[in-house]
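Asker: This is the structure I have questions about; it appears just below.
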């Protein structure tokens, strides 16, 4: 038995949706929105069923069962659709009576057409013994201007419920990187649902889970602990409407240039952020090399704010976003100040770092007759006298150097004996990133690397970075000094230093391989 749905006059419009602005995860999210909304709308009926164990949304991507390319299937065990809801799912511009996550009446159609030219919807509602199925061939609709779509009915068990969407003849396929990113984006996008535990989302059988990042917990002088996480709420009045914002802000235990920022949600579903590309207005987070940019996080629930049709952005023009930012600047002041001042203080002993450097260059045959010694007090005094460090700067300890701030390396290179006094400068961000100077002793050089330089700020809390940069600065210093030594008139062409450094770095890499 079959029924027919009149879709006139929109048949030609379906073919245009393959060009809509979607990413794979935002398109798939349209289907997940429908599944989760069906669950929330009928939660009481579903939970009363005997075998109900929670909502399950299964996303399957792989080779088509007919052997023609790839296919995408989204299957759920939500409440399902009666004939009225089924018509609305097929006909464009047919919004639900009680819109929430699914509000425009466009998502299923636009996302399916974006993914492929042939798609079908099959669904039955809980308690119904009729299953409905319709198949849409976008190319045929466009070519023949069909005004009706046939809906097939089959008898099924009234206990059966849920919806299956199958998309074939894909307009675009997913690469390995896109698949990984899609899974990450979905787990971030539906974090609220996944936290509850009664909603499960699978990708090719793999359960998607969201894990909250560790929050900074500080031991206070009075013996108590302070967890840097705080709820907030405010309202913005614009015109005749009130726009509500509630959520929390927090500081990450470990800074992250990709994981920090605000995640903006609407009705329990992420609109901006989630996994990466979080909301980080510069007025709040400053530049990307700031500690606030790396450590401040939060979730903002903005349920009554308008969104775009693809639900990947807010429609917040006419100064509405500006007022949001102004409010965020005020409420995050204490947290931003803490983010800029707090340092976890990873402790790195300088001796193993220098030993690793020396071993790499020795194994590569670049240096010989090596000895590592403490830096003499005379050298330290000279650095303190002539350094451009300003003592008014607070000593910020992203990495705490255990022991001396440097070591003296004696070695031979190309038959010439050298002494390098390696010193790490940690106080002044305005100081030069690297300074090389001679002492009164022949072939003795002071090499000062300013690890507090703003360029290194996003990376300096990674101990491996310290080792890599030590090797790099050693190569640069040796290249510059050697180039000057072999110069006839004391002038050195920039390319000479580059070529020397290229030889040294290549030799080091060959020694490590």
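In the numbering used here, the protein residues as written are 32 to 544.
Note that beta-carbon positions come from the ideal geometry of N, C-alpha and C, so glycine has one too.
Using C-beta distances below 6 Å, list every residue in its chain close to residue 336, excluding the 5 sequence neighbours before and after it, in chain order.
Answerer: Once the five neighbours on either side are set aside, the close Cβ partners of residue 336 are 274 and 345.
Asker: In angstroms with no decimal places, state the Cα-to-Cα distance between residue 419 and residue 462.
Answerer: A caution first: residue 419 carries a pLDDT of 48, below 50, which makes its placement in the model unreliable, though a value can still be read off. The straight-line gap from Cα to Cα measures roughly 6 Å.
Asker: Can you pull the DSSP bridge partners for residue 328?
Answerer: For residue 328, which the question treats as bridged, DSSP gives the partners 281 and 292.
Asker: Compare the C-alpha of residue 258 against each of 443, 280 and 240 and name the closest.
Answerer: Ranking 443, 280 and 240 by Cα distance to residue 258 puts 280 first.
Asker: If we ignore side chains and look at the alpha-carbon of each, how far apart do residue 145 and residue 58 end up?
Answerer: Approximately 8 Å between the Cα atoms of the pair.
Asker: Measure the alpha-carbon distance for residue 135 versus residue 210 and round it to whole angstroms.
Answerer: Bear in mind that a pLDDT of 48 at residue 135, under 50, signals an unreliable position, so the number given afterwards is only what the model happens to contain. For residue 135 and residue 210, the distance between alpha carbons rounds to 27 Å.
Asker: Are the segment 298-314 and the segment 260-279 touching by the rule of at least three beta carbon pairs closer than 8 Å?
Answerer: Short answer: they don't touch.
Asker: Determine, using beta carbons only, whether residue 63 and residue 117 come nearer to each other than 8 Å.
Answerer: Their beta carbons are not under 8 Å apart, which means residue 63 does not touch residue 117 by this criterion.
Asker: Per the contact definition of three or more C-beta pairs closer than 8 Å, is the segment 287-302 in contact with the segment 247-266?
Answerer: As far as the Cβ criterion goes, the segment 247-266 does not touch the segment 287-302, which means the pair count is below three.
Asker: Got a sec? Which residues, its chain only, sit under 7 Å from residue 387 by beta carbon, not counting five neighbours each side?
Answerer: Within the same chain, residue 387 has close Cβ partners 498.
Asker: By Cβ distance, which residues of its chain are closer than 8 Å to residue 256, with the 5 residues on each side in sequence left out?
Answerer: Closer than 8 Å at the Cβ level, and outside the excluded window around residue 256, lie 248, 249 and 250.
Asker: Decide if residue 286 is buried, meaning its Cβ has at least 16 other Cβ atoms within 10 Å, or exposed.
Answerer: So residue 286 ends up on the buried side.
Asker: What did DSSP end up calling residue 314 once you bin it into helix, strand or coil?
Answerer: Helix, per DSSP.
Asker: Can you tell me whether residue 532 is buried or exposed, with buried defined as 16 or more other CB within 10 angstroms of its CB?
Answerer: Buried.
Asker: Would you tell me roughly how many angstroms separate the C-alpha atoms of residue 34 and residue 349, rounded to the nearest one?
Answerer: The straight-line gap from Cα to Cα measures roughly 47 Å.
Asker: What are the partner residues of residue 154, as DSSP defines its beta bridges?
Answerer: Paired residues: 163 and 194.
Asker: I'd like the list of long-range same chain contacts for residue 234, defined as Cβ closer than 6 Å, with 5 residues on each side in sequence excluded.
Answerer: 90 and 214, listed in sequence order.
Asker: Quick one: Cα of residue 426 to Cα of residue 490, how far?
Answerer: Here residue 426 scores only 44 on pLDDT, less than 50, and its place in the model should not be relied on; the value that follows carries that caveat. The alpha-carbon atoms of residue 426 and residue 490 are separated by roughly 17 Å.
Asker: For residue 484, which of helix, strand or coil comes out of DSSP?
Answerer: Residue state, collapsed to three classes: coil.
Asker: Any idea which residues DSSP pairs residue 102 with across the strands?
Answerer: Bridge partners of residue 102: 93.
Asker: I believe residue 87 touches residue 107 by the beta-carbon criterion, under 8 Å. Please report the beta-carbon distance rounded to the nearest angstrom.
Answerer: With 8 Å as the limit, residue 87 and residue 107 qualify as a contact, their Cβ atoms being about 7 Å apart.
Asker: Can we count residue 103 as close to the ligand COA, meaning its CB is less than 7 Å from some heavy atom?
Answerer: Questions concerning the ligand COA fall outside what the structure shown contains, since it holds no ligand whatsoever.
Asker: Rounding to the nearest angstrom, what Cα-Cα distance links residue 354 and residue 204 in this structure?
Answerer: One C-alpha to the other measures close to 40 Å.
Asker: Which value, in whole angstroms, describes the spacing of the CA atoms of residue 164 and residue 154?
Answerer: Roughly 7 Å between the two C-alpha positions.
Asker: Sorted by chain position, which residues of the same chain lie with C-beta nearer than 8 Å to residue 302's C-beta, five sequence neighbours on each side aside?
Answerer: The residues are 295, 296, 333, 338, 342, 343, 344 and 345.
Asker: Take every Cβ of the segment 480-488, pair it with every Cβ of the segment 450-468, and state whether three or more of those distances are shorter than 8 Å.
Answerer: Contact holds: three or more Cβ-Cβ distances are below 8 Å.
Asker: Would you say residue 477 reaches chain C, if we count a Cβ-Cβ gap shorter than 8 Å as a contact?
Answerer: Absence of chain C from the displayed structure is noted, only one protein chain being present.
Asker: Out of 469, 262, 475 and 471, which has the shortest C-alpha to C-alpha gap to residue 449?
Answerer: The shortest Cα separation from residue 449 among 469, 262, 475 and 471 belongs to 475.
Asker: Tell whether a beta-carbon distance below 8 Å holds between residue 453 and residue 472.
Answerer: Cβ atoms of residue 453 and residue 472: not closer than 8 Å.
Asker: With a floor of 3 residues, list each beta strand (DSSP E) that falls wholly inside the segment 348-411, ordered by position along the chain.
Answerer: Counting only runs of 3 or more, we get 377-380 and 399-404.
Asker: Could you tell me which residues DSSP puts in a beta bridge with residue 443?
Answerer: Looking at the DSSP assignment, residue 443 forms a beta bridge with 399 and 448.
Asker: Looking at residue 277 and residue 67, is the spacing between their C-beta atoms short of 8 Å?
Answerer: Contact: no.
Asker: DSSP state of residue 297, grouped into three classes?
Answerer: It is a strand residue.
Asker: Consult DSSP for residue 213 and reduce its assignment to one of helix, strand or coil.
Answerer: Helix, per DSSP.
Asker: How big is the Cα-Cα spacing for residue 526 and residue 514?
Answerer: Using only the alpha carbons, I get a separation of about 10 Å.
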